[in-house]
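Residue numbers (the numbering used here): 1 to 228. These notes concern the structure reproduced below.
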Amino acid sequence: MNQDRAVLEGMNLQKRFQTGGEVRAVLDGVSIRLATGEWLAVLGPSGVGKTTLLHILAGLLPPDAGQVLWDQTDLYAMDETARDHQRAAQAGLVFQFHHLLPDLTVEENVRLALQLARRNHRDTDARKSVTDLLDRLHLRNLAGARIDKLSGGERQRVAVARALVHHPRFIFADEPTGNLDESAAGAVLDLLDTARRTEGVAILLSTHNPAAAARADRRLTLHAGKIM
Ligand SMILES: Nc1ncnc2c1ncn2[C@@H]1O[C@H](COP(=O)(O)OP(=O)(O)OP(=O)(O)O)[C@@H](O)[C@H]1O
Ligand SMILES: [Mg+2]
1 MNQDRAVLEG MNLQKRFQTG GEVRAVLDGV SIRLATGEWL AVLGPSGVGK TTLLHILAGL
61 LPPDAGQVLW DQTDLYAMDE TARDHQRAAQ AGLVFQFHHL LPDLTVEENV RLALQLARRN
121 HRDTDARKSV TDLLDRLHLR NLAGARIDKL SGGERQRVAV ARALVHHPRF IFADEPTGNL
181 DESAAGAVLD LLDTARRTEG VAILLSTHNP AAAARADRRL TLHAGKIM
C-alpha cells in the first residue's frame, strides 16, 4: 500500500454562507490531503465549519471555489448523478443527521448500502458480512428492529455499520461518537481503525471528543475559515 499517494485532496476550498444580512466565509482557502490508510481528525469549536468541510469533501455540497479530487479525479467536474454513483461505490458516510431510512429495519438499512454500491456479492456472503458487522457493533439483537424505534446512539452505530459494509475507500465521519457512551464509542473507533489497517480505508473524522481525536494520525484545527 502506498501511503504517500493522496486518495483524497481538497485544494483551496472556499465556502461562504449568508445568514441574516451578513455573508460569512466559513471556509477561506482550506487545503487538505489524505493518503491511503490515513486517519485525519478535524477539530475546532462548534460552528467553525467542520461539517461544511466534510460535506464538500464527500461530494454533497459544491464549494464556491477550489477543487476536490478523489484519486486525482475532480469530483465537482462530473455531474451530480455520476458524483452520487462515485460516493455510493467509494465512500462511507457517518453524519450527524444519520439519513437512515426510518421505515426499514437495521439489517435492511445496512444491506441497502451494499446494493447501492453495486457490489456483486452473493446473497449468502452479503448476509454474513452484514451479520458480522452488526455483531461487532453490538447490534445483532436489533437487526430486525425498525430504525424509528431505536435510540440516538443505536442509530449512530447503524450508520457506522452502513458506512463500512461495502468496503469503501474513504470514510467521512462527522462526530461519529457524539451520542455514544465510552464503551460504544470505543467499539466504533476500533472498527474504523480495523478498516483502515486491514483495508487501507482513509478516514476523515470531525470530533470534539479527545479520545476520538487521539486515535487519528494527524489532527487539524479549523479556525476563522483556515486550517491552523
Ligand atoms: N446551509 C447553510 N446556510 C447558511 N449557513 C450555514 C449553512 N450550513 C452551515 N452554515 C453556517 O456555517 C457555519 C459552520 O457550520 P458547520 O455545521 O460546518 O459547523 P461545525 O463546525 O460542524 O459545528 P458543530 O461542531 O456544531 O457541528 C455555521 O455558522 C452555520 O450556521
Ligand atoms: Mg458539525
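Glycine residues also receive a C-beta, built at the ideal position from the N, C-alpha and C atoms. Note that the structure is a prediction, hence the values are computed from the model and not measured.
Go ahead and pull the three-state DSSP assignment for residue i.
i: Asn12; result: strand
i: Gly153; result: helix
i: Leu164; result: helix
i: Ala159; result: helix
i: Gly49; result: coil
i: Asp74; result: strand
i: Arg140; result: helix
i: Ala212; result: helix
i: Thr19; result: strand
i: Arg218; result: strand
i: Arg111; result: helix
i: Gly186; result: helix
i: Ala195; result: helix
i: Gly29; result: strand
i: Thr105; result: strand
i: Arg236; result: There is simply no residue 236 to check, as the chain begins at 1 and stops at 228 in what is shown.
Can you check DSSP and say which residues form a bridge with residue i?
i: Ala91; result: Phe170
i: Lys226; result: His223
i: Ser206; result: Val42 and Asp174
i: Leu69; result: Glu9 and Asp74
i: Ala35; result: Ala6
i: Arg83; result: According to DSSP, which records beta bridges pairwise, Arg83 is partnered with nothing at all.
i: Arg24; result: Phe17
i: Arg127; result: Per DSSP, none; premise fails for Arg127.
Does the Cβ-Cβ distance between residue i and residue j come in under 7 Å?
i: Arg16; j: Ala25; result: yes
i: Val94; j: Val48; result: no
i: Ala113; j: Gly153; result: no
i: Leu104; j: Thr221; result: no
i: Ile203; j: Trp39; result: yes
i: Leu34; j: Leu13; result: no
i: Glu175; j: Thr198; result: no
i: Leu100; j: Val158; result: yes
i: Leu69; j: Val106; result: no
i: Arg136; j: Leu191; result: yes
i: Arg230; j: Asn109; result: Given that the chain is displayed from residue 1 to residue 228, the structure contains no residue 230 and the question cannot be resolved.
i: Gly37; j: Gly178; result: no
On the premise that residue j lies in contact with residue i, defined as a C-beta separation below 8 Å, what is that separation, rounded to the nearest angstrom?
i: Leu164; j: Gly92; result: 6 Å
i: Ala213; j: Ala41; result: 5 Å
i: Leu180; j: Arg215; result: Actually they are not in contact, since the Cβ atoms of Leu180 and Arg215 sit about 14 Å apart, beyond 8 Å.
i: Asn53; j: Val30; result: One detail in the question is off: residue 53 reads as Leu in this sequence, not Asn. 6 Å between Cβ atoms; contact.
**Message:** Under 8 Å: do the segment 137 to 151 and the segment 50 to 66 share three or more Cβ pairs, one atom per stretch?
**Reply:** no
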